[in-house]
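Step one of this worksheet: look at the structure below.
Protein chains: 2
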Amino acid sequence: MSYFDAASAAPLHPVARQALMASLDDGWADPARLYREGRKARLLLDAAREAAAEAVGCRADELVFTSSGTRAVHTGVAGALAGRRRAGRHLIVSAVEHSSVLHSAEVFEAEGGSVSQVPVNRAGAVDPSSFAAALRPDTALACLQSANHEVGTVQPVAEVAEACRAAGVPLLVDAAQSLGWWPAGGDWSLLTASAHKWGGPSGVGLLAVRKGVRFAAQGPVDERESGRAPGFENLPAIVAAVASLRAVRAEADQEAARLRELTEWIRTRVPELVPDVEVVGDAERRLPGIVTFSCLYVDGEALLHELDRAGFSVSSGSSCTSSTLTPSHVLKAMGVLSEGNVRVSLPPGTARADVERFLQVLPGAVAGVREKLGAPTAPATATGPGELLVDSLGKRCPIPVIELAKVIGQVPVGGTVRVLSDDEAARLDIPAWCEMRGQRYLGEEPTEKGTAYLVRRLS
Amino acid sequence: MSYFDAASAAPLHPVARQALMASLDDGWADPARLYREGRKARLLLDAAREAAAEAVGCRADELVFTSSGTRAVHTGVAGALAGRRRAGRHLIVSAVEHSSVLHSAEVFEAEGGSVSQVPVNRAGAVDPSSFAAALRPDTALACLQSANHEVGTVQPVAEVAEACRAAGVPLLVDAAQSLGWWPAGGDWSLLTASAHKWGGPSGVGLLAVRKGVRFAAQGPVDERESGRAPGFENLPAIVAAVASLRAVRAEADQEAARLRELTEWIRTRVPELVPDVEVVGDAERRLPGIVTFSCLYVDGEALLHELDRAGFSVSSGSSCTSSTLTPSHVLKAMGVLSEGNVRVSLPPGTARADVERFLQVLPGAVAGVREKLGAPTAPATATGPGELLVDSLGKRCPIPVIELAKVIGQVPVGGTVRVLSDDEAARLDIPAWCEMRGQRYLGEEPTEKGTAYLVRRLS
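Listed in order, the protein sequences are those of chains Y and D.
First residue of the first sequence: 1, per full-length UniProt numbering; consecutive thereafter.
First residue of the second sequence: 1, per full-length UniProt numbering; consecutive thereafter.
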């Protein structure tokens, strides 16, 4: 098996395992207690905090351990917004933040706050000047990830931090995907991260809040972790998390260069090996281990199953694998194809041979899925001279796009195809297909059931 | 070293350690993913949930894993109150609940809810009829611990649950101290617990919500754990928690009987060995491993240090060890002495020889602390015939009580002593001393600085 989903969760680093074992003996007691076992636990906790702060680039008393990266984000966003209530009730987030940030923003909106989403370009990056333009006198907080979790694009955090600093607005940087590689650059005010993304155990997140940033922890009072992370400290896991952070950082430069080469290889070879593929995300400013591509006419979930059977564990931001049946908000914000989406995220140590085998297996897997999906007869009906109607109502992605592709040749150049679909993914994938295929997307119209998408044949 | 503070955190059970090790290999991946590693993780999570539900006495789909017992309580209380918003905005808690419950109640009150605290008797137990009397038509939720964490008193959960059921009010039972011993009795609606109290790892709590109980999870949306516990599941710790719960339950009856004998021995011997001691908590309806007593004229923190030096790790609900300098709310609600308070909570497996050694060491430790504290000259001044004034302003507990005890013999029977004190603990400890010594406590009066406590000599 080759596990290529490190961006979801990295396998436990050997150093994390050792540290966990060791601290199970010395770190189970309550660090708030004054007796010997408590003092031992306190020493471990203090040392872990010092080491984590060094890796993050902050003071030890600015950093607390939470029970997950998600909790760190929830706590950080809510605390900063409450601490800055007097400044105003406006929050800025990028459109491609992790769901924990976006869901925090939803809560804020439900409570009467206003939220601006800064759009991203086709590579998934925000434009620092667009971000700066969203800053208002009543902006309480801005949030920007260090790098995107689905496509690996690195965000211009330093520039955005500078703009925020100039406006007197704190910036929360979600560094979940990058902290194992490098400290977040730029003059951030709050930072969050998650240990199981860098090979630490699950159950540990980090929240750093710079001194001077107004912060009011929400929820019931609890004296632990400066009142910012209620509940008994998960000490063995904290020790393991920090030990592994130091370990991966020590190897980071070398490993980053090696993985970058492997992902570059995938970026180059996949479009050569597989027809109708779009590699997404920034080609240069990106995380070392992540490469993401979308395959036309492919059901993402089916492709994941094929790859799993062939021994590869990858992820997908495609609508077809999500329980909510809506396409990834990241791919949507980028305006790129979501169907047949595959995210390959290589864990440190991935062997070149495994990537080679992946590249051997992928074309057949995609072809197999396409073959299975290619069967349906396109039920196109002529609705006028040079006009065809494709009724894809009730059909899940990627069928609407497959049917569109099948019939586009049946109208003359300049003619139009109207695709009826009630799958939310069509809204993203039909324009993306037009972009890839050099056809013109004319727009959508609501119909009795679902939506009609209009496409003009250009070539 | 003898660790006698299992009620804070129990050392990791060997079975928990084994399970943790084993599941680090199979349980690090995201259980929401469809590939092999994710499916393995999902299987482990499902099996853990089934086993935990069996031990709790609920359906698997009623139980979620949280990141701590404190989180389980915060989530449970907030979710049940929000789910029952239409029923009303009244919450009932006992006066001796864990701080996580009381702090949740504070949040609710700050948001405009009303809270009733049901008092306890001198043994620390609520009276079921008093609890029932607190139920109102607008009561949204009632909370009662299964057993008290400071004094070990078992609460009449079944009777209270029946009253709540009759009134149509859900009852949340905080079973943190008892779940390792037995399933919570009674027809509860919500239940919370914490793994590190039964020898599981830290980082795992349980929240069970019976089907049919209205529940609205608060905070940002997250799809994990039925939307009730955001963040990546801490799977190895969950597996270890559940494995150790099953292991301790298998030994529970036998071990409970053994520990009960040891704590009974302490309950009997301590008052024989140490003068001026009050053993607190119910002598019969109590947890097997906990015994708590308070020593007159003793600074709790100093006593803890003495015992730590002698190799015993115990805890204290005394004002003198708390960072907030207020006496334990539990001892306060019981109306018992808080000074020189010691909680002995034996972990399973405690050897009789260790308890014997504790009983040998304790009298000397108490005597040593008393000797150090006994020195100050009582600055009593006659303020009238048969009236003395003791000025203890600026002196920390237990000095005010020590000075009272020194001068009480200087007034005739029927005479009064007035103690000036600005230590909050005096409010609890002076009446408790009167009760123990057969003197009459007449009440308190505010003074310019602090409070005057009036005591009449009866014997």
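Where is the CB? At the ideal position from N, CA and C, for every residue including glycine.
Report yes or no: is there a C-beta of chain D within less than 8 angstroms of the C-beta of residue i?
i	result
Y/L235	yes
Y/P230	yes
Y/A29	yes
Y/E37	yes
Y/L12	yes
Y/S244	no
Y/L24	yes
First and last residue of the beta strand (DSSP E) that includes residue i?
i	result
Y/A7	Segment: none, Y/A7 is in no beta strand (DSSP E) and carries neither H nor E.
D/P400	First-last for D/P400: 399–407, but that is the alpha helix (DSSP H), not the beta strand (DSSP E).
Y/S194	190–194
Y/T292	290–295
Hey, quick one: how far does the alpha helix (DSSP H) through residue i stretch, first residue to last?
i	result
Y/P14	14–26
Y/S100	99–110
Y/D46	36–56
D/H305	300–309
Y/T75	69–83
D/E159	157–167
D/L235	235–250
D/S316	No alpha helix (DSSP H) contains D/S316, which DSSP labels as neither H nor E.
So, is the C-beta of residue i closer than 8 angstroms to a C-beta in chain Y?
i	result
D/H74	yes
D/W198	no
D/C320	Confidence at D/C320 is low in this model, with a pLDDT of 46, below 50, so its placement is unreliable and the value that follows should be read with caution. No, D/C320 lies away from the interface with chain Y (no Cβ there is under 8 angstroms from its Cβ).
D/A9	yes
D/D276	no
D/M1	yes
D/G203	yes
D/L141	no
D/L346	no
D/R33	yes
D/W433	no
D/R17	yes
D/D5	yes
Once the 5 residues before and after residue i are set aside, which same chain residues still bring their CB inside 6 angstroms of it?
i	result
D/K40	D26
D/A302	V369
D/A161	L171, G186, D187, W188
Y/R136	H90
Y/F131	V118, V160
Y/M1	G311
D/T381	L389
D/P288	A256, L259, R260
Report buried or exposed for residue i, applying the criterion of at least 16 other Cβ atoms within 10 angstroms of its Cβ.
i	result
Y/V242	buried
Y/G443	exposed
Y/A383	At residue 383 of chain Y the sequence reads Thr, which differs from the Ala that was named. Looking at its Cβ environment, which holds fewer than 16 other Cβ atoms inside 10 Å, Y/T383 is exposed.
Y/Q155	buried
D/P275	exposed
D/D5	buried
D/R228	buried
D/A158	exposed
D/D30	buried
D/D282	buried
D/D174	buried
Please list, in chain order, the chain B residues whose beta carbon lies closer than 9 angstroms to that of residue i.
i	result
D/T70	Looking for chain B here will not work: the only protein chains present are Y and D.
Tell me which residues share the same chain as residue i and place their Cβ nearer than 7 angstroms to its Cβ, disregarding the 5 neighbours each side in the sequence.
i	result
D/P201	L12, A16, L20, A195, A237, A240, A241
Y/W198	A10, L179, G180, S244, L245, V248
D/V336	R122, E278, V280, S294, A432
Ignore the nearest five residues each way along the sequence and tell me which others in residue i's own chain have a CB closer than 8 angstroms to its CB.
i	result
Y/R224	A32, P230, G231, F232, E233
D/Q254	none
Y/K211	R59, D61, E62
Pull out every residue of the region 101–113 of chain D whose Cβ sits closer than 8 angstroms to any Cβ of chain Y, in chain order. H103, S104, E106, V107
By the 9 angstroms beta-carbon criterion, what residues does the region 347–376 of chain D contribute toward chain Y? none
Would you list, in chain order, the members of the region 292–314 of chain D that have their beta-carbon closer than 9 angstroms to a beta-carbon of chain Y? E301, L304, H305, L307, D308, G311, F312, S313, V314
What residues in the region 56–68 of chain D have a beta carbon less than 7 angstroms from any beta carbon of chain Y? S67, S68
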